[in-house]
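Taking it in order: structure first as structure tokens, then the write-up.
2 protein chains.
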Amino acid sequence: MSARKTFGTQPCSIARTLDVVGDWWTLLVLRDVFRGAHRFDELKSGLGIATNVLTVRLKRLTDAGILERRAYQEHPPRFEYTVTAKGRDLYPVLIALLQWGDRYMRDESDPSDAPPRVVVHDTCGHAIQPAFSCPHCRSEVSAQNARTVARADLPRELRNARSARAPRRNA
Amino acid sequence: MSARKTFGTQPCSIARTLDVVGDWWTLLVLRDVFRGAHRFDELKSGLGIATNVLTVRLKRLTDAGILERRAYQEHPPRFEYTVTAKGRDLYPVLIALLQWGDRYMRDESDPSDAPPRVVVHDTCGHAIQPAFSCPHCRSEVSAQNARTVARADLPRELRNARSARAPRRNA
């Protein structure tokens, strides 16, 4: 752990986020808590992960405020882990990983290798493929039609706006 | 590299995706290519990354079909890296990481620590906060109103549907 470089000091929200959640186990632990595994032993057997590795990951997620640890038994002391509001807001990261994997990390010639899980939207009860959409024009947001711009390069009046008109791309 | 466990064999699209893109440098290299850095030296200086580390990451991204390497000069040979269609489809992962970092990985008491970059939607020209939305009912998709369900647990007629009605959650 200590050998890796920290990105937390970069002025970049992607780098800073990866500094907290950017290792495989951390996101897989979070995935399983979302799916209903809350106790250490459930997570350990579900993930096939070593006790010490899981302990470190859970501590990191708890320290970062992404998971919360609660005692569910006193004698002997036993704890369960639940997702905080901060953790719930990582759901789009997992959805985005899931969708890309469904599309590219399967053997399409193997009919038994259909996407293993389906996103169900309880609001309307449908199995869906969520997409990033624009709160202004409602159309899809993708690499083909969106880009990130340094705040300093935006006209001053737009820098603090949540949905403000930006200059068109030149390229 | 070789010491880490592979997740590629798990029947889970999240795990399989993390197996390819789930390390910090890989996603940060991709971030910078999206932002217009295409040449080795540009990426190296922008990322502050060791030559050998960048070489390994670029090879991994190229082997995975996420980046494409093209010669832009013959004497001496020089290459540039561009994002493939498969790579462009990882954009939602970066957007999701960016948004979470904008929300949680800043010092909100420091006015100079505003989110460093803003998403601009060229389709409508606005600076936006994209959100995952449902292609069926158009409302937002979040951890509060969505979940993933094992395909085998869906009624048979829904297993291959892209937007089909699913049973309501009991819990």
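Chains as they are written, first to last, in the numbering used here: chain A, 1 to 171; chain B, 1 to 171. Just so it is clear, CB atoms sit at the ideal spot from N, CA and C, and this is done for glycine as well.
Ranking L28/B, F34/B, R39/B and R16/B by CA distance to the CA of Y72/B puts R39/B first. For S45/A, not one C-beta of chain B is nearer than 9 Å to its own C-beta.
Counting C-beta atoms within 10 angstroms of its own C-beta, D102/A has 16 or more neighbours from the protein chains shown and is therefore classed as buried.
Going by C-alpha positions, L18/B is about 16 Å away from G48/A.
The C-beta separation of F34/A from F132/B comes to about 14 Å, leaving the pair out of contact by the 8 Å criterion. In this structure, D89/B lies near W100/A, with their beta-carbon atoms less than 9 Å apart. Taking every protein chain shown into account, the CB of R78/B has fewer than 16 other CB atoms within 10 angstroms, so this residue is exposed.
The straight-line gap separating the alpha-carbon atoms of D63/B and V53/B is approximately 15 Å.
Chain A has no Cβ within less than 9 Å of the Cβ of A37/B. Closest by C-alpha distance to G65/A, out of T55/A, S109/A, V20/A and L94/A, is V20/A.
Cβ contact annotation for G125/A (same chain, cutoff 6 Å, sequence separation greater than five): none.
Annotation: the segment 104-162 of chain B contains the following complete segments of the beta strand (DSSP E) (minimum length 3 residues), in chain order: 117-121, 126-128, 131-133 and 146-150. In this structure, the beta-carbon distance from A15/B to Y91/A does not fall below 9 Å.
Within its own chain, the residues whose Cβ lies closer than 8 Å to the Cβ of R69/B, once the five positions on either side in sequence are excluded, are L58, T62, F79, E80 and Y81, listed in chain order.
As DSSP reads the structure, A71/A sits in a beta bridge with F79/A. For the pair A127/A and V149/B, the CB atoms are nearer than the 9 Å cut-off. Taking a Cβ-Cβ cut-off of 8 Å, the neighbours of L18/A in chain B comprise W24, L27, L28 and L97, given in sequence order. Not flagged as an interface residue toward chain B: K59/A, since no C-beta distance is shorter than 9 Å. DSSP, read as helix, strand or coil, puts R16/A in helix. With 16 or more other CB atoms across the displayed protein chains lying within 10 angstroms of its CB, A37/A is buried. For a Cβ distance threshold of 8 Å, residue set V93, A96, L97 and W100 of chain A lies close to V93/B, ordered along the chain. Each residue's CA atom was taken as its position, placing E42/B and T55/B some 13 Å apart. Leaving aside the five residues that flank D113/B on each side, the residues in its chain whose CB is nearer than 6 Å to its CB run, in chain order, R106 and D107. Among the residues facing chain A, Q73/B is not included, as its CB has no counterpart in that chain under 9 Å away. Residue environment: A152/B is assigned as exposed (fewer than 16 neighbouring CB atoms within 10 Å of its CB, all protein chains considered). Look at T123/B: its C-beta is under 9 Å from a C-beta on chain A. Residue pairing for R39/B: DSSP places it in a beta bridge opposite E80/B.
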